[in-house]
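Going by our numbering, the first residue of the sequence shown is number 34, and it counts up by one from there.
This report refers to the structure that appears directly beneath it.
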Amino acid sequence: MHRPSRRHLTIGTAVVAATAAAVAVTTVAGASDTKQQAENAIKGGKAKNVILLIGDGMGDSEITLARDYTVGANGRLNMDKFPLTGAYTTYAVHADGTPDYVTDSAASGTGWATGVKTVNGRISKTPGTDKAVKTILELAQKSGYATGNVTTAELTDATPAVLDSHVTDRSCQGPADMAKCTADTIAAGGPGSIAEQSVNHKVDVLFGGGKQRFDQKVTDGKYKGLTVTEQAQKLGYQVVTDDASMKAAKAGKPVLGLFAPGNVPVEWTGKAAAVGGTDPQRCVTSNANRPSTTPSLADSATKAIQLLEAKQKAKHSKQGFFLQIEGASIDKQDHAADPCGQIGETAAFDRAVKVARAYAAKHPDTLVVTTADHGHTSQIVPLEATPPGLSSTLVTNEGQQLKVNYSTNTPGQSQEHTGTEVRIAAQGPLAYRVLGVTNQTDLFTTIREALRLR
């Protein structure tokens, strides 16, 4: 089976590229600080830890919209402060291997999780033969690393699922959801639903939504008649459901955090975009439908890092951890043409980026990568424009008006992904691998080689 791999830059080439990157961002930070960051980022060697941050649907327009609204056009988000930045392509493939130019989260996530392109809707299985492919998390576990998977979506949604599951269709989230994955059922000798597989994999930290999937009863096998949550407890998991119980969780046993029945509620609210636009609005930086006991993505990331680090220290392990953190509802609010929800989720994701970078500052043997799975629909357009589709006018924190438009589908329908390349930025060992334009599958190779996985 062929795993696409990127060109291998020489260190000399990387030095030149990194220096150019440093020069390009000297207006953001002091020249000497930026130069030092760039020089540090081109170092080779083994990474002890990898933190991969995925902003789902977070294309350049989504980043720019959040920046303009929150910190201003000349401000910088935490994700803007990485020393090395590139772009990667995101296409999926058809069953015959020909390109499918617009990916979904299942196919794109499979790309970085396994190094193999697949068809839209499939989770870490091959496009034509539907065979399971080892994931980066599975390889990390085999090599003795602690592992974590944190999201604001359901834990069984596509992006978290690509790390710890193998199913024919992303809809097969719980034992009652297996209609499109008959060969994957336990009764057919398969591994079961995404929820069942995630706990069977004994991932050390699982934080997100999706309690409704884990409340479903297992239909076959050793745990028949139990809910997936009960199965997890039989496997030794601590089950936590809110911020307080999450923060009280102890290292030594795996932790399953289920913070919402479905997706974790968004942080910000406002009027959705509309045909003909909206009156100028300020976003509401709260959500009456989000319980106050819900942990933030940044707090979930902080706790996950603490648990993973503590586990490895207790084992006196030379290996560190692999952790994926997803800001999922940037994408979901883009689909809904809800700019305030989208901006709020991007800002929440950016605070998780800050957590990861702060950890890496104290642990420079940590590779931190932030990227997206695919582009999305939102576009910043001139105030005087009368574009088709759905629009909203926002009043930014700078006191200026900004118009955002959503026009990748008919109003009333879910707005669609786009086939654009997306940003990838990094710091730490092998961070130079993100420079230039690469392929989404190259990220698998970068992480595998940084952690020295076989």
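Where a beta carbon is used, it is the ideal one built from N, C-alpha and C, also for glycine.
Buried or exposed, going by whether 16 or more other CB atoms sit within 10 Å of the CB of residue i?
i, result
"Q375", "buried"
"K344", "buried"
"L416", "exposed"
"H199", "buried"
"R390", "buried"
"R487", "exposed"
"S141", "buried"
"D210", "buried"
"R203", "buried"
"T192", "buried"
"V61", "Confidence at V61 is low in this model, with a pLDDT of 44, below 50, so the placement of that residue should be treated as unreliable; the coordinate-derived value is given next. Looking at its Cβ environment, which holds fewer than 16 other Cβ atoms inside 10 Å, V61 is exposed."
"Y134", "exposed"
Just grab the DSSP bridge partners of residue i for me.
i, result
"D133", "A125"
"E187", "G242"
"K436", "V414, T426"
"L117", "A459"
"I84", "L356, V401"
"G207", "Paired residue(s): none; G207 is not in a bridge."
"N182", "L239, Q357"
Mapping the DSSP letters down to three states, classify residue i as helix, strand or coil.
i, result
"N430", "coil"
"N111", "helix"
"F355", "strand"
"V467", "helix"
"T192", "helix"
"A221", "coil"
"A55", "Note that A55 has pLDDT 39, beneath the 50 cutoff, so the model's placement of it is unreliable and the number below is only indicative. DSSP places A55 in helix when its eight states are reduced to three."
"A165", "strand"
"T60", "Residue placement at T60 is flagged as unreliable, the pLDDT there being 42, under the threshold of 50; the coordinate-derived value follows with that caveat. DSSP places T60 in coil when its eight states are reduced to three."
"K280", "helix"
"N472", "strand"
"K150", "coil"
"A321", "coil"
"T215", "helix"
Which residue comes first and which comes last in the alpha helix (DSSP H) that contains residue i?
i, result
"G377", "372-395"
"N233", "227-233"
"V261", "261-267"
"E417", "Taken as a continuous stretch (DSSP letters only), E417 belongs to no alpha helix (DSSP H), as it is neither H nor E."
"Q174", "169-175"
"T252", "Taken as a continuous stretch (DSSP letters only), T252 belongs to no alpha helix (DSSP H), as it is neither H nor E."
"G142", "138-147"
"L531", "In the structure displayed, the chain extends from 34 to 487; residue 531 sits before or after that span and is not available."
"L476", "475-483"
"L20", "Past the boundaries of the shown model lies residue 20; the chain is included only from 34 to 487, so the question cannot be answered."
"D312", "Counting along the chain, D312 falls outside any alpha helix (DSSP H), and DSSP gives it neither H nor E."
"S362", "362-368"
Can you tell me where the beta strand (DSSP E) with residue i in it begins and where it stops?
i, result
"A405", "399-405"
"Q271", "271-273"
"G290", "288-291"
- Message: Quick check: the segment 437-453 against the segment 380-399, are at least 3 beta-carbon pairs closer than 8 Å?
- Response: no
- Message: With three or more beta-carbon pairs closer than 8 Å as the criterion, would you say the segment 282-292 touches the segment 306-319?
- Response: no
- Task: Report yes or no: do the segment 318-338 and the segment 254-268 share at least 3 C-beta pairs separated by less than 8 Å?
- Result: no
- Item | Three-pair Cβ contact test at 8 Å for the segment 147-154 versus the segment 418-435 | no
- Message: Within 8 Å, do at least three Cβ pairs link the segment 113-128 to the segment 167-180?
- Response: no
- Message: Is it the case that the segment 77-89 contacts the segment 411-428, given that we only count it when at least three CB pairs across the two stretches are under 8 Å?
- Response: no
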